[in-house]
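Undergrad: For the sequence shown, the residue numbers in full-length UniProt numbering are 1 to 315.
Cβ coordinates follow ideal geometry from the N, Cα and C atoms, glycine included.
Quick caveat: nothing in here was measured; it's all calculated off a predicted structure.
Sending over a structure as structure tokens; questions will come in a sec.
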Amino acid sequence: MTGPRSAVVVNPAKVADLDQLRRTLRTSLAKAGWPEPAWFETTPEDPGRGQAKRAVAEGAELVFACGGDGTVMAVVTALSGTGVALAVLPAGTGNLLAANLGLGTDPAAGLQVALEGGRRRIDVGVIGDQCFVVMAGMGFDAMMLQDTSERAKKHIGWPAYLGGAAKHLLDRPMRVRIRLDGGPPMPRRPRTVIVGNVGRLQGGMRLLKRAVPDDGKFNVAIISPNNLFSWARLIAAVASRRERVPKMETFTASRVEIYSNRSQPRQLDGDLIAPGKAMKISVRHKALVLCVPQPDADPDLANDAAAVVKRAKQR
Numbered sequence: 001m002t003g004p005r006s007a008v009v010v011n012p013a014k015v016a017d018l019d020q021l022r023r024t025l026r027t028s029l030a031k032a033g034w035p036e037p038a039w040f041e042t043t044p045e046d047p048g049r050g051q052a053k054r055a056v057a058e059g060a061e062l063v064f065a066c067g068g069d070g071t072v073m074a075v076v077t078a079l080s081g082t083g084v085a086l087a088v089l090p091a092g093t094g095n096l097l098a099a100n101l102g103l104g105t106d107p108a109a110g111l112q113v114a115l116e117g118g119r120r121r122i123d124v125g126v127i128g129d130q131c132f133v134v135m136a137g138m139g140f141d142a143m144m145l146q147d148t149s150e151r152a153k154k155h156i157g158w159p160a161y162l163g164g165a166a167k168h169l170l171d172r173p174m175r176v177r178i179r180l181d182g183g184p185p186m187p188r189r190p191r192t193v194i195v196g197n198v199g200r201l202q203g204g205m206r207l208l209k210r211a212v213p214d215d216g217k218f219n220v221a222i223i224s225p226n227n228l229f230s231w232a233r234l235i236a237a238v239a240s241r242r243e244r245v246p247k248m249e250t251f252t253a254s255r256v257e258i259y260s261n262r263s264q265p266r267q268l269d270g271d272l273i274a275p276g277k278a279m280k281i282s283v284r285h286k287a288l289v290l291c292v293p294q295p296d297a298d299p300d301l302a303n304d305a306a307a308v309v310k311r312a313k314q315r
């Protein structure tokens, strides 16, 4: 059987050897009976949305996104609601969606997932004209991203974020009002508010244990440690997968509004967006077709990912 028509949206700045990647994809897809993929490179002016839209217009049935978080988020925004499948080819050092799929940083694993045919319709978060599928955040998490250097990420990978985090552990908390599904405002003084569709952070640590990617709801975490000791307790509880995490409230909602008294750093899927005083987030239920490791029905998108990675290495 002939495979689907595909396209590759790649950030050339995140791939060490573009020619090698192109040869690998062409050879592997041809061996599986797929047509040769179309090829689109991102630019500083367009990180992937325009390229993905063009791929869809030209008949692509599956789009490979190869780059960091910004590239993946741009492609997600273009593909949401189209029925065209997204396959992630991890590149760079901090790909949150790849971490939630259990793919690490190896593009071959992402290719193997696409070839094996696991597909899952998942929810998409919307803020303004941008979409996300992992998590959005205001406050500490965005500050951490803002103060982590590209050079450090390139040399040591995701642990580089620990340095960015350390700079802000003792910053003053935000003053916010949070509304869930149009309910009454909840005043809080958190360090960060995270709105998650799936639950893993960089390095695979699972922050939101009950997040389900296709239930039409977000998990909302309000995180409020006020000193180094409470930070340590919170991190220990998350790392050990305890049911109750100190200094963290969790809720579920389909619409989330966060209002701050001053402008705050903000991020979508690990990529910084412009600072602002508000985040108004809604859900598009099952709007994205995502290539996932088989079996494809588990709430955890990374289920059986290790077996896929092993098969990818044997190709």
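(1) Beta-carbon separation of MET138 and ILE222 under 8 Å?
(2) Check this for me: beta carbons of VAL88 and LEU97, under 8 Å apart or not?
(3) Could you name each continuous alpha helix (DSSP H) segment of 4 residues or more that falls completely within the stretch 209-285, going from the start of the chain to the end?
(4) Given that a residue counts as buried once 16 or more other Cβ atoms are within 10 Å of its Cβ, and exposed if not, what is PRO12?
(5) Report the residue from THR43, PRO159, ALA7 whose alpha carbon sits nearest the alpha carbon of PRO37.
(6) Indicate whether the contact test is met: 3 or more Cβ pairs, each with one atom in the stretch 167-175 and one in the stretch 190-204, closer than 8 Å.
(7) What three-state label does DSSP hand ALA85 in the structure shown?
(8) Just mark MET186 as buried or exposed, buried being the case when its beta carbon has 16 or more other beta carbons within 10 Å.
(9) Rounded to whole angstroms, what is the Cα-Cα separation between ALA32 and GLN130?
(10) From which residue to which residue does the alpha helix (DSSP H) around LEU28 run?
(11) Could you tell me the distance, in whole angstroms, from the CA atom of ASP17 to the CA atom of THR82?
(12) Determine the contact status of HIS125 and VAL195, defining contact as a CB-CB distance below 8 Å.
(13) What does the Cβ neighbour count give for GLY59, buried or exposed, with the cut at 16 atoms within 10 Å?
(14) Taking only the alpha-carbon atoms, compute the straight-line gap between ALA278 and LEU180 and give it to the nearest angstrom.
(15) Which of helix, strand or coil does DSSP assign to GLU45?
(16) Count the other CB atoms, across all protein chains shown, that sit within 10 Å of the CB of ASN100; report buried if there are 16 or more and exposed otherwise.
(17) With H, G and I counted as helix, E and B as strand and the rest as coil, what does DSSP make of MET1?
(18) Start and end of the beta strand (DSSP E) containing LEU180?
(19) Taking the alpha-carbon of GLY216 as reference, which of ASP271, GLN202, VAL283 has the nearest alpha-carbon?
(20) Quick check on DSSP: helix, strand or coil for THR77?
TA: Taking the geometry as given:
(1) Within the sequence shown, numbered from 1, the residue matching residue 138 stands at position 138. Within the sequence shown, numbered from 1, the residue matching residue 222 stands at position 222. Going by C-beta atoms, MET138 is not nearer than 8 Å to ILE222.
(2) Residue mapping note: residue 88 aligns to position 88 of the sequence shown, counting from 1. Residue mapping note: residue 97 aligns to position 97 of the sequence shown, counting from 1. It is a contact, given that the beta carbons lie within the stated cut-off.
(3) As far as the stretch 209-285 is concerned, its whole alpha helix (DSSP H) runs of at least 4 residues are 228-239.
(4) For the purposes of this step, residue 12 is identified with residue 12 of the sequence shown, where counting begins at 1. Exposed: under 16 other Cβ atoms inside 10 Å.
(5) The sequence position of residue 37 within the sequence shown is 37, counting from 1. When only C-alpha atoms are compared, the closest one is ALA7.
(6) At 8 Å Cβ cutoff, the stretches touch.
(7) Counting from one through the sequence shown, the residue named residue 85 turns up at place 85. For ALA85, the three-state secondary structure derived from DSSP is strand.
(8) Residue 186 sits at position 186 when you count from the first residue of the sequence shown. Taking all protein chains shown into account, MET186 has fewer than 16 neighbouring C-beta atoms within 10 Å of its C-beta and is therefore exposed.
(9) Here the question's residue 32 lines up with position 32 in the sequence shown. Here the question's residue 130 lines up with position 130 in the sequence shown. Rounded to the nearest angstrom, the two C-alpha atoms are 34 Å apart.
(10) As a working note, residue 28 is residue 28 in the sequence shown. Per the sequence presented here, residue 28 reads as Ser, with Leu not at that position. 18-31 is the extent of the alpha helix (DSSP H) around SER28.
(11) The residue labelled residue 17 in the question sits at position 17 within the sequence shown. The residue labelled residue 82 in the question sits at position 82 within the sequence shown. Taking the straight line joining both Cα atoms gives about 31 Å.
(12) As a first step, residue 125 must be located in the sequence shown, where it is residue number 125. As a first step, residue 195 must be located in the sequence shown, where it is residue number 195. The sequence as given places Gly at residue 125; His does not occur at that position. Against a cut-off of 8 Å, the Cβ pair of VAL195 and GLY125 comes out as a contact.
(13) As a first step, residue 59 must be located in the sequence shown, where it is residue number 59. GLY59 is exposed by the Cβ-count criterion.
(14) As a working mapping, residue 278 is identified with position 278 in the sequence shown. As a working mapping, residue 180 is identified with position 180 in the sequence shown. Their backbone Cα atoms lie some 14 Å apart in a straight line.
(15) Taking the first residue of the sequence shown as position 1, residue 45 is located at position 45. Here GLU45 sits in coil by DSSP.
(16) Taking the sequence shown and counting its residues from 1, the one referred to as residue 100 is at position 100. In summary, ASN100 is buried, with 16 or more beta-carbon neighbours lying within 10 Å of its beta-carbon over all protein chains present.
(17) Residue mapping note: residue 1 aligns to position 1 of the sequence shown, counting from 1. Note that MET1 scores a pLDDT of 48, beneath 50, so its modelled location is shaky and nothing firm can be said.
(18) Position 180 of the sequence shown, counted from the start, is the residue given in the question as residue 180. Per DSSP, LEU180 belongs to the beta strand (DSSP E) from 176-180.
(19) For the purposes of this step, residue 216 is identified with residue 216 of the sequence shown, where counting begins at 1. For the options ASP271, GLN202, VAL283, the alpha carbon positioned closest to that of GLY216 is the one of VAL283.
(20) Residue mapping note: residue 77 aligns to position 77 of the sequence shown, counting from 1. In the structure shown, THR77 sits in a helix (DSSP, three-state: H, G or I).
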